[in-house]
Amino acid sequence: MQTTLLCVIDGLRADALAATETPTIAGLMARGRSTLCARTVMPSVTLPCHMSLFHSVEPGRHGIVTNLWTPQVRPVPGLFDVAHAAGLRTGAYYNWEELRDLWRPGALEVGIFWRDCRSLAGDQRIAAEAARSIGRDQIDLAFLYLGYPDECAHRHGWMSEAYLEAVRNADAALGVVLAALPPEVRVVLTADHGGHERSHGSDAPEDMTIPLVIAPAADGAGGDLGCGVTILDVAPTIAGMMGFPPASDWEGRALL
Ligand SMILES: [Zn+2]
9 MQTTLLCVID GLRADALAAT ETPTIAGLMA RGRSTLCART VMPSVTLPCH MSLFHSVEPG
69 RHGIVTNLWT PQVRPVPGLF DVAHAAGLRT GAYYNWEELR DLWRPGALEV GIFWRDCRSL
129 AGDQRIAAEA ARSIGRDQID LAFLYLGYPD ECAHRHGWMS EAYLEAVRNA DAALGVVLAA
189 LPPEVRVVLT ADHGGHERSH GSDAPEDMTI PLVIAPAADG AGGDLGCGVT ILDVAPTIAG
249 MMGFPPASDW EGRALL
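In terms of the working numbering, the sequence shown has 120 at position 112, counting the first letter as 1, and numbering is strictly consecutive.
If you want it as structure tokens, here you go:
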């Protein structure tokens, strides 16, 4: 099985990619399909948005509307639950602990949590762990979460120089992971939400607009996915790329 890497950079605004140098992401965009006007869900908050990414339903359906996880009343199977049931090996590498409930017990082959999303070094460390594990542990579907751009922006402001440095650092961290993987690895890169001033959570365009990059493209590189794309489309797209059926509850659509 060809490895697929889902990378979420917390708080990555789409327009940050034009405001600073992100050569890893630029390389993915050049050989893939992408959009800088995808939308996340309301509330534009980390755990609700990740739940919607993994479960392809709105927060009103999965029920998580704050950063506190609670069991779903009417459970929707998540991306890793479905992938694991299809026989794929899954790995999660993350540095914000609340994400540990994005999959149900039994769905994960490897989970590495590093308790530091508050420094450049924290993102570098979890990327290094992913770079070591994915090949060694024969992971088919890997989730890499880099949390520092969001933490930094809460302190210094979105689009501040410190934030853009955190974005460059996350881009380099993703580059370290890709360098450890075969060149044919498939990558989906996105964000959970954007932000403005020192906050997010509203329906303002700065909070709701996220980038989405899928590489390599199946049908011609460099294509624009357009602005009708949402975070709900990520899980069905990955299912389509990897050849397993999406859950019947999922509301997004496969983009390729
Ligand atoms: Zn935040």
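Ideal Cβ positions, reconstructed from N, Cα and C, are used throughout, including at glycine.
Since the model is a prediction, treat every value here as computed from it, not as a measurement.
Put simply, the backbone Cα of G236 is about 13 angstroms away from that of M216.
Secondary-structure assignment with DSSP links H204 through a beta bridge to S207. Taking every protein chain shown into account, the CB of M59 has 16 or more other CB atoms within 10 angstroms, so this residue is buried. Boundaries around V118 are those of the beta strand (DSSP E), 118-121, since no alpha helix (DSSP H) includes it. At least one heavy atom of ligand 1 lies less than 7 angstroms from the C-beta of T54. For D145, the Cβ stays outside the 7 angstroms cut-off from all heavy atoms of ligand 1.
Per DSSP, the continuous beta strand (DSSP E) segment holding G99 begins and ends at 98-102. For A161, same chain residues with a beta-carbon under 6 angstroms away, outside a window of 5 residues either side, are G19, Y171, G203 in chain order. Within 7 angstroms of the C-beta of G165 there is not a single heavy atom belonging to ligand 1. Non-local beta-carbon contacts of V49 in its own chain, meaning distances under 8 angstroms to residues more than five positions away in sequence, involve P56, C57, S60, E66, P67, T238, I239, L240 in chain order. In the three-state DSSP reduction, C235 falls in the coil class, being neither helix nor strand. Not one heavy atom of ligand 1 is found less than 7 angstroms from the C-beta of G86.
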